[in-house]
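So the number in our numbering is just where the residue sits in the sequence shown, counting from 1, plus 6. C-beta atoms are modelled at their ideal positions from N, C-alpha and C, and glycine is treated no differently. As the structure is a prediction and not an experimental result, all values here were calculated from the model. Take a look at the structure set out below.
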Amino acid sequence: MSGCGRARSGFVLLGALWVAACGDSAGSGAGDSSLEEAAEAAGRGPYDALQVETDLMLQMRDGVRLATDVYRPSREYEPVDELFPVLLHRTPYDKTSRGLVDQARWFTTHGFVVVLQDTRGLYASEGEFQKYHEFDAPDGYDTIEWITGLDYAEPSVGMWGTSYGAHTQADAAKLNPPGLSTLVLTMGGLSDAWTHKVRNHGAFELGQQLGWAHLQLAAVADDPEIRLRLQEEPPSDWFPDTPFRKGENPLSVASNFEDYYLTMQNHGDYDDYFRGIGRNWAEYYDQTADVPMLHVGGWYDSYAPGTIQSFVELSRLKSSPMMLVMGPWTHGGNSRSVAGDIEFGADAAIEDFSREFHLRWFDRQLRGQRAIELFADDARLGDRPAGPVTIFVMGGGDGRRDENGRLFHGGEWRTADAWPLEDTEMTPFYLRAGGGLTLDAPGQGEGSTAYTYDPEHPVPTIGGAFSGALKRGGYDQRERTFRSLQGGSENGFFASEVDGRRTADRDDVLVFETEPLAGELEVIGPVSVTLWASSSAPDTDFTAKLVDVYPPNEDYPEGFDLNITDGIIRARYRESRERETLMTPGDVYEFRIQLFPTANLFAAGHRVRLEISSSNYPRFDVNPNTGEPLGRHTRMTPAENTIHHAGAFASAITLPIQRR
């Protein structure tokens, strides 16, 4: 391959504007004043970026070699003869992707050596890929050890990355490699794959795991015909054929993908598999490197609970500074002010997130040059004092439709000293006969409410906090049919049996809601639901969804039911995540559903709604209600599920109310 970026020897000039030194870029070197001016306007630093290694094959401790690219600050086509701190990014998404390379070059111009690496078994690296495997931790350690031996680099390494790129950071940190100095973990880190990402309190994260496998295999399959076919078909085409059987599914074309996916699909108990270093951080917090970390998440992101858990626990265990930023974002949506069909206002977006936002952190932690100001040179935080916690509280907007057709929900940034916030009152709202949701506990005579859950007709996923090939974020909770699209992100699909029907009007959804609020109600923190329930089945699921119910207005004459957060539990894991226990049909059991944390202001005139059901498909796999082994059931049957809300069986949602 030519010297335009894939040469294995010699230097590759990336130029003042990071243009390859070939083809149309000839003559556009560092001396071109117009390019220099444009580069300065784009915020580049005082150096040029020189790629000094391309596909350098670093040997790991087991002999597998990982493809690695290295960028050095330069002037006049030569590396600057100084020692610079290092930024490392390990990725399963191709180290030569345009956005990542541009980011690496930009950091290099600001005086960092930047190292990009394809993770094991993907793109130019050797080995066999397995998602969340045990090799990412030692591979990260070995790579950092190699970096600290470079004669042109300071033995001080910072890591950055989003999603799986955050996961690789956490894995390296679990082994505490010498030289690791700081992390910026964005929407990743995987604190515990049993409670989110692989399973969610027993239920399988179907949309996330199958959607990711499809999209990744479409990019890396060895057979070009297979890649083309996968690129032309949406991942949603696979959902109806689940659960998969060995050798009888589309992943069979790549045995390593099929093997890891089937293990996730069929493995339910929290045991050594889920305690493994690649699928768990919580079990390794004690031994994790004591270095400054910036944890960044979103209320509509699949890693939200893990991001907060890691921040809280590591803040308690470590002496190094930890910071938390939670925005109103979907997965990877830090630079956007929207989540699904909801607009939060321009302040919600961090437009310089991938560059300046990171640079402020790395300058402070690796150079000690400047104070950390998450929102430099603007007034988003007003005169509030700085704190380790910065969150966006959603809500407070006018509820009208904006020029892009989205509901304006609004919101504002806040800072705090800890999570949960001070002055938070964990307040139970009780489920009442007839559908009420009140602060008053029910009496003895309020009985129960039943519904029939049919796994052949599940409640459709309509937005939420996840990643993968589904529409995510905030939406009016109405069934709508969208054409299924390729590419994940905000595309995905909604499944619908009755177009336009509110989920609240389904026979298999129970609705409990407050009267219109007399004043504002701020809900900021962890949210949980305690259900007393029984079933005609030996196993079933129970779901809970918190909804901000807008009253009707001119733009939304039927109102708007905005999903805020949700959760699920598989009944067989109600007593312990380590072993399953089937139910005795008809007996009443206690279920605790842990919803994702959130921060939302319910405005005056709105209602707080809790929707209870037994499915959220295809975000989660459907429970067949038979009690058969997970992922290997042979039949499905309806279940009569009953929610109790009287006396000793008083079901409730506990909301973190912020008292002002």
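query = Apart from the five residues just before and just after residue 197, which ones in its own chain have a Cβ nearer than 7 Å to its Cβ?
reply = Along the sequence shown, one-based indexing puts residue 197 at 191. Taken in chain order, the residues that qualify are 287, 288, 312, 315, 316.
key: Beta bridge counterpart(s) of residue 55 as assigned by DSSP   = Counting from one through the sequence shown, the residue named residue 55 turns up at place 49. Answer is 79.
C-alpha gap between residue 375 and residue 182, whole angstroms = As a working note, residue 375 is residue 369 in the sequence shown. As a working note, residue 182 is residue 176 in the sequence shown. Going by the C-alpha atoms only, they are around 25 Å apart.
query = How should residue 432 be labelled, buried or exposed, when 16 other C-beta atoms within 10 angstroms of its C-beta is the threshold for buried?
reply = Residue numbering aside, residue 432 sits at position 426 when the sequence shown is read from its first letter. The residue in question, residue 432, is exposed, as its Cβ has fewer than 16 Cβ neighbours within 10 Å.
ask   = With respect to the alpha helix (DSSP H) encompassing residue 363, which residues constitute its N-terminal and C-terminal limits?
value = Sequence index remark: in the sequence shown, residue 363 carries index 357 (1-based). Where residue 363 is concerned, there is no enclosing alpha helix (DSSP H), given that its DSSP letter is neither H nor E.
task = Could you tell me if residue 405 is buried or exposed, where buried requires 16 or more neighbouring beta carbons within 10 angstroms of its beta carbon?
result = Locating residue 405 in the sequence shown gives position 399, counting from the first residue. Buried, since its Cβ has 16 or more Cβ neighbours within 10 Å.
inquiry  = Which same chain residues end up closer than 6 Å to residue 621 when comparing Cβ atoms and leaving out the 5 residues on each side of it in sequence?
reply    = Reading the sequence shown from its first residue, position 615 is the one you call residue 621. Hits under 6 Å: 464, 465, 628.
ask   = Going straight from the alpha carbon of residue 162 to that of residue 186, what length do you get?
value = By one-based count along the sequence shown, residue 162 stands at place 156. By one-based count along the sequence shown, residue 186 stands at place 180. If I take the Cα positions, the gap works out to 6 Å.
query = When you compare only the Cα positions, how much space is there between residue 435 and residue 658?
reply = Here the question's residue 435 lines up with position 429 in the sequence shown. Here the question's residue 658 lines up with position 652 in the sequence shown. Their Cα atoms are separated by approximately 5 Å.
message = Quick check: the stretch 586–605 against the stretch 503–515, are at least 3 beta-carbon pairs closer than 8 Å?
response = No: fewer than three Cβ pairs fall under 8 Å.
message = Under 8 Å, with one C-beta from each stretch per pair, do the stretch 342–353 and the stretch 412–423 reach the 3-pair mark?
response = yes
inquiry  = By alpha-carbon positions, which one of 581, 113, 461 ends up nearest to residue 623?
reply    = Within the sequence shown, numbered from 1, the residue matching residue 623 stands at position 617. With distances taken between Cα atoms, residue 623 lies closest to 461.
query = Nearest to residue 180 by alpha carbon, out of 282, 360, 447?
reply = In the sequence shown, the residue the question calls residue 180 occupies position 174. Here the closest residue by C-alpha is 282.
request  = Please report the Cβ distance between residue 487 and residue 644, rounded to the nearest whole angstrom; I am assuming they are in contact, meaning their Cβ atoms lie under 8 Å.
outcome  = For the purposes of this step, residue 487 is taken as the residue at position 481 of the sequence shown. For the purposes of this step, residue 644 is taken as the residue at position 638 of the sequence shown. Not quite, the Cβ-Cβ distance comes to about 24 Å (not below 8 Å), so this is no contact.
message = Count Cβ pairs between the stretch 75–83 and the stretch 50–63 that sit closer than 8 Å; are there 3 or more?
response = yes
ask   = Helix, strand or coil: which one does DSSP assign to residue 615?
value = To locate residue 615, count along the sequence shown from 1; it is residue 609. Look at residue 615 here: in three-state DSSP terms it is strand.
request  = Could you tell me the distance, in whole angstroms, from the CA atom of residue 296 to the CA atom of residue 322?
outcome  = Residue mapping note: residue 296 aligns to position 290 of the sequence shown, counting from 1. Residue mapping note: residue 322 aligns to position 316 of the sequence shown, counting from 1. About 11 Å.
key: Spatial distance of residue 421 from residue 529 (CA atoms)   = Position 415 of the sequence shown holds residue 421. Position 523 of the sequence shown holds residue 529. Each residue's Cα considered, the two are about 15 Å apart.
query = Can you name the start and end residues of the alpha helix (DSSP H) that residue 220 belongs to?
reply = Position 214 of the sequence shown, counted from the first residue, corresponds to residue 220. Unbroken alpha helix (DSSP H) run through residue 220: 212–226.
request  = Answer with buried or exposed for residue 647, where buried requires no fewer than 16 other C-beta atoms within 10 angstroms of its C-beta.
outcome  = Indexing the sequence shown from 1 puts residue 647 at position 641. Per the 10 Å Cβ criterion, buried.
task = Could you say which of 130, 126, 300 lies nearest to residue 148 if we only look at CA atoms?
result = Counted from its first residue, the sequence shown places residue 148 at position 142. Measuring from the Cα of residue 148, the nearest candidate turns out to be 126.
message = Tell me which residue opens and which closes the beta strand (DSSP E) that residue 626 is part of.
response = Translated into positions along the sequence shown, residue 626 becomes position 620. Segment: none, residue 626 is in no beta strand (DSSP E) and carries neither H nor E.
key: Residues near residue 671 by beta carbon distance below 6 Å, same chain, minus five either side   = Since the first residue of the chain shown is 7 and the last is 666, residue 671 is not available in this structure.
Ranges of the beta strand (DSSP E) found wholly within the stretch 389–445, counting only runs of at least 3 = 395–400, 417–422, 430–437
message = For residue 653 and residue 547, what's the separation of their Cα atoms in angstroms?
response = Counted from its first residue, the sequence shown places residue 653 at position 647. Counted from its first residue, the sequence shown places residue 547 at position 541. Taking the straight line joining both Cα atoms gives about 24 Å.
key: Buried versus exposed, by CB contacts within 10 Å (16 or more), residue 264   = Counting from 1 along the sequence shown, the entry for residue 264 is found at position 258. The residue is buried, with at least 16 neighbouring Cβ atoms inside 10 Å.
task = Identify, in the order they occur along the chain, each residue of the same chain with its Cβ nearer than 7 Å to the Cβ of residue 49, setting aside the five sequence neighbours on each side.
result = What you label residue 49 is simply residue 43 of the sequence shown in a count that begins at 1. Closer than 7 Å at the Cβ level, and outside the excluded window around residue 49, lie 361, 362.
key: Closest Cα partner of residue 520 within the set 471, 608, 592   = The residue labelled residue 520 in the question sits at position 514 within the sequence shown. It is 608 whose Cα lies nearest to the Cα of residue 520.
Of the residues 535, 449, 68, 222, the one placed nearest residue 573, counting alpha carbons only = For the purposes of this step, residue 573 is identified with residue 567 of the sequence shown, where counting begins at 1. The candidate whose alpha carbon is nearest that of residue 573 is 535.
request  = Determine the extent of the alpha helix (DSSP H) in which residue 112 is found, giving its start and end residues.
outcome  = Looking up residue 112 in the sequence shown gives position 106. Counting along the chain, the alpha helix (DSSP H) containing residue 112 begins and ends at 104–115.
Contact under 7 Å by Cβ, residue 285 with residue 138 = Your numbering for residue 285 matches position 279 in the sequence shown. Your numbering for residue 138 matches position 132 in the sequence shown. If you check the CB distance, residue 285 and residue 138 come in under 7 Å.
message = Considering only the alpha carbon of each residue, which of 192, 665, 452 lies closest to residue 302?
response = As a first step, residue 302 must be located in the sequence shown, where it is residue number 296. The option with the nearest alpha carbon to residue 302 is 192.
Where the beta strand (DSSP E) containing residue 632 begins and where it ends = Walking along the sequence shown from the start, residue 632 turns up at place 626. Run containing residue 632: none; DSSP gives neither H nor E here.
ask   = Opposite residue 537 in the DSSP bridges: which residues?
value = Counting from 1 along the sequence shown, the entry for residue 537 is found at position 531. DSSP output for residue 537 lists 597 as bridge partner(s).
ask   = Any idea what DSSP makes of residue 494, helix, strand or coil?
value = As a first step, residue 494 must be located in the sequence shown, where it is residue number 488. Note that residue 494 scores a pLDDT of 41, beneath 50, so its modelled location is shaky; the value from the coordinates is reported in the next line. It is coil, neither helix nor strand.
ask   = Three-state secondary structure (DSSP) at residue 461?
value = Taking the sequence shown and counting its residues from 1, one reaches residue 461 at position 455. DSSP places residue 461 in the coil class of the three-state scheme, outside both helix and strand.
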